[in-house]
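Residue numbers (UniProt numbering): 1 to 381.
In structure tokens:
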């Protein structure tokens, strides 16, 4: 492990706690298939505080994301943020763009110690965004919430879902992010679970092209860019650097694995740098990979993340199968384990969104030519 990097076998970069699955929206992509009513077996306030105390055992500054559903359906959010902040956790939240996200709630969370708020924009206009979110007025509520957050000094991240219905909106969303002063753009490449099963993913070749464009955006805009469930972005960025013949790039770390100046050696994938606690306390590698390692009501979250067989298997990049297992980029990418699971039932299988075919690989490919526009790209850099 390089100096300054995080040992993802010991702690995640990101720990998400799904406070509730209740939400007033009916978003087309919803992982949770959210419903208006709260589940009677949600973690209570006291249990939630115990979870946060367990998360603090990962180490100082652990990032915790409060998500949903709509987390603001609960009335204890500010109390939980304050408790986490007192524990030294970096508390953030991903609320829904509904009337629950009032200026008063945002100010209350800011006073409690909220470090960042993430909102979703899946279209650059009210018509496009509201159609995707399933509720008129969601776009205006979201923009108003961004302004309210900036007013009280809370940085705002924007999350965007990429699928065939939204991909054409990306350039205009980029411009909108600059206008509203976002600090980060998190671009989520669709995983077909929950209501997201009815949406169409983009073809793998187009996914690579979008990621190439995102790398350019990252260079040109003041906000940061990251991808969710698309670790191949790291491969694409590395190949782009190599093509540009970056004189400062370190293209070999001694074991034949390309690094090309990437800050972390390993990319975040489900179970390896990423953990998810459901509304009922089940610990998943990701909210998009619904295989439980156990429940925080029975075992500490640190133990489940570090020691469970499921999480340990996901951290073993040499255990991947198919072309992901043969890929020279597996230690910096690793493929979306969630998407592999959604398509095959095996979290160690190849990610069907990635078109890259390793040199010399002649095994099965994860896409179905009858249903995909994909053709494998060259293994050359």
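Ideal Cβ placement from N, Cα and C applies to all residues, glycine included.
Pick out whichever of 134, 326 and 203 has its Cα sitting closest to the Cα of residue 98.
134
CB contact flag (residue 177, residue 139, <8 Å)
no
Identified DSSP bridge partners for residue 295
282
Can you confirm whether residue 352, when its beta carbon is compared against all beta carbons of chain C, has any partner nearer than 8 Å?
As a matter of chain content, chain C is missing from the structure shown, which is built from one protein chain.
Residue nearest to residue 56 in terms of C-alpha spacing, selected from 303, 68, 147 and 37
303
Quick one: what does DSSP say residue 49 is sitting in, helix, strand or coil?
helix
Pairwise C-alpha distance: residue 163 and residue 154:
29 Å
May I ask which residues mark the beginning and end of the alpha helix (DSSP H) holding residue 77?
77-86
By the three-class DSSP mapping on this structure, what secondary structure does residue 329 have?
coil
Look up residue 323 in the DSSP assignment and say whether it is helix, strand or coil.
helix
So residue 106 and residue 145 are in contact, right, with Cβ under 8 Å, and what is the actual spacing, rounded?
7 Å
Mark residue 347 as exposed unless 16 or more other C-beta atoms lie within 10 angstroms of its C-beta, in which case mark it buried.
buried
Which whole runs of the beta strand (DSSP E) in the stretch 104-154 are 3 residues long or more, in chain order?
116-120
Quick check: the Cα distance between residue 374 and residue 60, rounded to an integer number of angstroms?
Note that residue 374 scores 41 on pLDDT, short of 50, meaning its location in the model is unreliable; the coordinates nonetheless yield the value given after this. In a straight line, the C-alpha of residue 374 is about 44 Å away from that of residue 60.
8 Å contact criterion, which residue 148 and residue 137 should meet: CB distance rounded
Not a contact, Cβ separation roughly 16 Å.
Buried/exposed call for residue 183, threshold 16 Cβ in 10 Å:
exposed
Taking the alpha-carbon positions, what's the residue 234 to residue 168 distance?
22 Å
Assuming residue 65 is part of the beta strand (DSSP E), what are its boundary residues?
63-67
Residues in the same chain with beta-carbon distance under 6 Å from residue 396, minus the five sequence neighbours each way, listed in chain order, please.
Absent from the model: residue 396. The displayed extent of the chain is 1 to 381, so no value can be given.
Integer Cβ distance of residue 8 from residue 272, believed to fall under 8 Å:
5 Å
Residue 297 vs residue 281 beta-carbon contact at 8 Å
yes
If you draw a straight line from the alpha carbon of residue 150 to that of residue 20, how long is it in whole angstroms?
26 Å
Pair within 8 Å by beta-carbon distance, residue 314 and residue 283
no
Apart from the five residues just before and just after residue 276, which ones in its own chain have a Cβ nearer than 6 Å to its Cβ?
16, 284, 286 and 287
Residue of 239, 349 and 338 minimising C-alpha distance to residue 332:
239
Kindly list the residues whose CB is nearer than 8 Å to the CB of residue 100, restricted to its own chain and excluding five residues on each side of it in sequence; keep chain order.
24, 70, 72 and 73
Does DSSP put residue 161 in a helix, a strand or coil?
strand
In the structure shown, what three-state DSSP assignment does residue 43 receive?
coil
Pairwise C-alpha distance: residue 309 and residue 294:
11 Å
In angstroms, rounded to a whole number, what distance separates the CA positions of residue 357 and residue 336?
16 Å
Sort out for me which residues DSSP pairs residue 17 with in a bridge.
66 and 277
Just verifying my parser: in three-state terms, what is the DSSP assignment at residue 202?
coil
Could you work out which residue in 230, 175, 243 and 204 is closest to residue 220 when comparing CA atoms only?
175
Residue environment, residue 352, which counts as buried when at least 16 other CB atoms sit within 10 Å:
buried
Which class does residue 6 belong to by DSSP, given the choice of helix, strand or coil?
coil
Residue 180, enclosing beta strand (DSSP E) - first and last residue:
Here residue 180 belongs to no beta strand (DSSP E); instead the alpha helix (DSSP H) covers 170-180.
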